[in-house]
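Novice: Here the sequence shown is numbered in our numbering, starting from 11 and rising by one per residue.
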Amino acid sequence: MSDEIQIISRDYWFKIVELLQQNWALIDEIDGVSKVYFIGDTSGVFDEMVFPTLDEAVIALNRNGFARFTDDKAAQEMIAAPDAPFSRRPHPNGQIYSSGRYWR
11 MSDEIQIISR DYWFKIVELL QQNWALIDEI DGVSKVYFIG DTSGVFDEMV
61 FPTLDEAVIA LNRNGFARFT DDKAAQEMIA APDAPFSRRP HPNGQIYSSG
111 RYWR
């Protein structure tokens, strides 16, 4: 069984978490809900959250310090978004967003 995760969206959201490290998010609309995949710089999916609508997912990402990558030209000049293939990789601190520990 492959741990590869198929993510359709390439509309990246990002959050700088420390020097030279970003957390990324992609939102796919699946079966009437919006699923947010949280991805590290090396294309590893470390967490997921489901929202009833795309609007609610976007509001939650903004509220938690994520910005849309295409809207930030300065960030695009300094960092590069991870690319497919995406695969499941654990985060050293576990599921940091879906656990609520770093999510408001």
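Every residue gets a Cβ at the ideal spot worked out from N, C-alpha and C, and that includes glycine.
Bear in mind the structure is a predicted one, so any value in this text is a computation, not a measurement.
1) So, with DSSP's three-state summary, where would you put Ile17?
2) State buried or exposed for Met11, treating a residue as buried only when at least 16 other CB atoms are found within 10 Å of its CB.
3) Output the distance between the C-alpha atoms of Val60 and Asn74, rounded to the nearest integer angstrom.
4) With a cut-off of 8 Å, do at least 3 Cβ pairs link the region 96–104 to the region 72–88?
5) DSSP three-state call for Phe76: helix, strand or coil?
6) Measure the alpha-carbon distance for Ile18 versus Ile37 and round it to whole angstroms.
7) Reducing DSSP to helix, strand and coil, say where Met11 ends up.
Specialist: In short, the structure shows the following:
1) If you number the sequence shown from 1, residue 17 lands on position 7. DSSP places Ile17 in coil when its eight states are reduced to three.
2) As a position in the sequence shown, residue 11 is number 1, starting the count at 1. Only weak support is given to the placement of Met11: the predicted model assigns it a pLDDT of 44, under 50, and the value that follows is read from those uncertain coordinates. Flag for Met11 reads exposed.
3) Within the sequence shown, the letter at position 50 stands for residue 60. Within the sequence shown, the letter at position 64 stands for residue 74. Cα to Cα, the separation comes out at about 15 Å.
4) no
5) Locating residue 76 in the sequence shown gives position 66, counting from the first residue. Coil.
6) The residue given as residue 18 occupies position 8 in the sequence shown. The residue given as residue 37 occupies position 27 in the sequence shown. Near 8 Å, if we compare the C-alpha coordinates of Ile37 and Ile18.
7) Sequence index remark: in the sequence shown, residue 11 carries index 1 (1-based). Per-residue confidence for Met11 stands at a pLDDT of 44, beneath the threshold of 50, marking its modelled position as unreliable; no derived number is given.
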